[in-house]
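In what follows, a structure is listed as structure tokens, so that the remarks can point back to it.
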Amino acid sequence: MTRIKIAYLLSAALVLFVLYFGTGYVFFPATQTGGFGLPSMPAEGDPILAVKGVRDIGTALVLLALLLLRNVRAVGWGLLALAFIPVGDMLIVLTHNGSAGAAFGIHGATAAVMVLLSAMFLIRPAQNGQ
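Under our numbering, think of the first position of the sequence shown as 9, with each following residue one higher.
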């Protein structure tokens with residue numbers, strides 16, 4: 009299996025992962041709030057949880073659209089740009105007395121995976137003799 013096919017497969021898994029969490033925040037917020045990493049989260053029914061869920065769903069759909077276009081460079085740049093979101097979430101958790109483990113282990117790891125996948129799409133193999 010080629011590097012690009014592996015990157016597509018892992019990116020599709022990322023889409024499913026983000027859709028799972030996004031729909032959880034919209035439809036089952038009580039099951040999702042503990043995993044974000046902040047010391048206190050809004051109560052179930054607070055519209056900010058739905059906002060977060062919609063943001064996650066939108067992120068996943070943008071990535072899905074890029075994957076369906078099958079433009080390797082577009083997917084790579086899209087992943088790199090979308091990696092800003094988990095980096096921002098990580099910084100929010102760290103600057104609001106949240107769990108460092110969750111900040112780095114959930115949000116930081118997600119950003120790192122996205123940057124790695126981006127590199128898999130964007131780095132071109134060396135040409136012979138160059």
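Where a beta carbon is used, it is the ideal one built from N, C-alpha and C, also for glycine.
Going straight from the alpha carbon of residue i to that of residue j, what length do you get?
i	j	result
residue 109	residue 45	8 Å
residue 16	residue 32	24 Å
residue 112	residue 66	23 Å
residue 80	residue 47	39 Å
residue 84	residue 97	21 Å
residue 55	residue 38	13 Å
residue 24	residue 68	8 Å
residue 58	residue 9	39 Å
At what residues does the alpha helix (DSSP H) containing residue i begin and finish?
i	result
residue 61	55–77
residue 29	11–35
residue 87	80–90
Among the options, which residue has its Cα nearest to the Cα of residue i?
i	options	result
residue 119	126, 94, 103 and 101	94
residue 92	107, 80, 117 and 104	117
residue 20	78, 130 and 41	78
residue 36	70, 61 and 132	61
Unbroken stretches of the alpha helix (DSSP H), 4 residues or longer, contained in the segment 94–133: The qualifying runs are 117–130.
Three-pair Cβ contact test at 8 Å for the segment 86–105 versus the segment 121–133: yes
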